[in-house]
Ligand SMILES: [Zn+2]
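Residue numbers (the numbering used here): 276 to 644.
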């Protein structure tokens, strides 16, 4: 989750509001074909029926391969001292990038750039002085079995704030571990990728292609997603959806008494159908309380504009942002692994997986309205 961009984005938000994007997209699509909006109970029931029809044992099985133990294993690694707080363009971030690529390779998940090439390298200059060196997005890919040209993008940024005082002669207490921000989302993405890959190996791979997009430069101003969306590896017009995960391992004050929740942001902004699919999937499988508090465009926190999904939404791609809210350790060296709620992290990761699975396997592409 990005802090520094808030003010700039506030200005941006008012000048180029999401309304503008919606009306543009609507105008274009209406010209081609009338769009079915999901408004009536009958239409909602139809989507729910389709989801039930698709139901089979495998979806339960693959989602159950996302486990607390595996998430913890990744998170312990990402927050360990050698990763030095994963600051963009620095040694720790490079070690993290290698960890991600090595993991994908170990489960035989294809590189997206070219054979064996997982890194999308971003030039140093692109970061406008905010990175000491080049930096890398890490991309792994599953080729769809029926509609490979249509791509579902699941993303999480893996960079964080580095080390206090800027040197590693310091104690481990002075490293910004970023366990929740966004070690939690990064671990979830690895596990989701593994679940999809298991399906591929067992001959049940998704109909549409799936891109696992680990982004850099988020904390410096959403640079990794900005770069990807202006240098897309797969055409944006074929990008069906972006599910973005940024901070899903904690419970905020508002939910102290009911940790079984996740904030969803943006799901209804460009596609009512996406919103309803997401609700139906949760109702059927994960039963989390979906909190839309921050989805309100009038909310002063403006979270819709503050993580990587925004660069996809700006391009007219429907998005969902999964988030646990701000807590007292946000952007502090106390955002440590021991404070992660693994039970709830697992459920949230499963929700993202199940939603992606549904979107990747549905008969029709999610409609923009
Ligand atoms: Zn952050």
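Using N, Cα and C, we set each Cβ at its ideal position, and we do this for glycine too.
Nearest-angstrom Cα separation, counted from residue 575 out to residue 342: Cα-Cα distance, rounded: 35 Å.
Whole-Å CB distance - residue 439 paired with residue 451, under 8 Å assumed: Indeed they touch by this definition, with Cβ atoms about 7 Å apart.
Assigned exposure category for residue 435 - 16 Cβ within 10 Å defines buried: buried
Close Cβ partners of residue 543 (< 6 Å) along its chain, the five nearest in sequence each way excluded: 550
Euclidean distance between Cα positions of residue 567 and residue 573: 12 Å
Outcome for residue 612 when other beta-carbon atoms lying within 10 angstroms are tallied against a minimum of 16: buried
Nearest-angstrom Cα separation, counted from residue 362 out to residue 356: For residue 356 and residue 362, the distance between alpha carbons rounds to 13 Å.
Integer-rounded CB distance, given that residue 427 should sit under 8 Å from residue 515: 5 Å
Cβ-Cβ distance between residue 593 and residue 556 below 9 Å: no
The segment 457-470 touching the segment 514-531, judged by at least three CB pairs closer than 8 Å: yes
Residue interval of the beta strand (DSSP E) (run including residue 619): First-last for residue 619: 617-636, but that is the alpha helix (DSSP H), not the beta strand (DSSP E).
Neighbour-count burial assignment, residue 391, 16 or more Cβ in a 10 Å radius: exposed
Helix, strand or coil at residue 454 [DSSP, three-state]: Helix at residue 454.
Member of 596, 590, 474 whose CA lies at the smallest distance from the CA of residue 578: Of the candidates 596, 590, 474, the one whose C-alpha sits nearest the C-alpha of residue 578 is 596.
Euclidean distance between Cα positions of residue 323 and residue 583: 29 Å
Beta-carbon proximity of residue 599 to residue 623, cut-off 9 Å: yes
Proximity winner among 386, 353, 377, relative to residue 368 (alpha-carbon distances): 353
Rounded separation between residue 346 and residue 378 - CA only: 13 Å
Chain-order list of residues whose beta-carbon lies under 8 Å from that of residue 360 (same chain, five-residue window excluded): 367, 435, 436, 437, 438, 450, 451, 452, 453
Check: residue 436 C-beta below 8 Å from any heavy atom of ligand 1: yes
6 Å Cβ shell around residue 372 - same chain, five flanking residues per side excluded: Cβ neighbours of residue 372 beyond the five flanking positions: 411, 413.
Cα-Cα separation, residue 400 to residue 547: 39 Å
Rounded C-alpha distance that separates residue 638 from residue 619: 31 Å
Residues that DSSP places opposite residue 395 in a beta bridge: 412
Check whether residue 585 and residue 497 have beta carbons under 9 Å apart: yes
Which residues DSSP lists as bridging residue 435, in chain order: 362
Proximity to residue 318 [Cα-Cα], best of 416, 383, 552, 349: Looking at the Cα atoms, 552 is the closest of the given residues.
Residue from 499, 316, 633 with nearest C-alpha to residue 484: 633
Bridge partner(s) assigned by DSSP for residue 520: 597
Minimum length 3: unbroken beta strand (DSSP E) runs contained in the segment 545-600: 564-566, 594-598
For residue 404, the nearest candidate out of 495, 617, 511 (CA to CA): Among 495, 617, 511, the Cα nearest to that of residue 404 belongs to 495.
Candidates 537, 338, 617, of which the one nearest residue 351 by Cα: 617
Chain D within 9 Å of residue 315, Cβ atoms only: Annotation note: the requested chain D is absent from the structure, which comprises a single protein chain.
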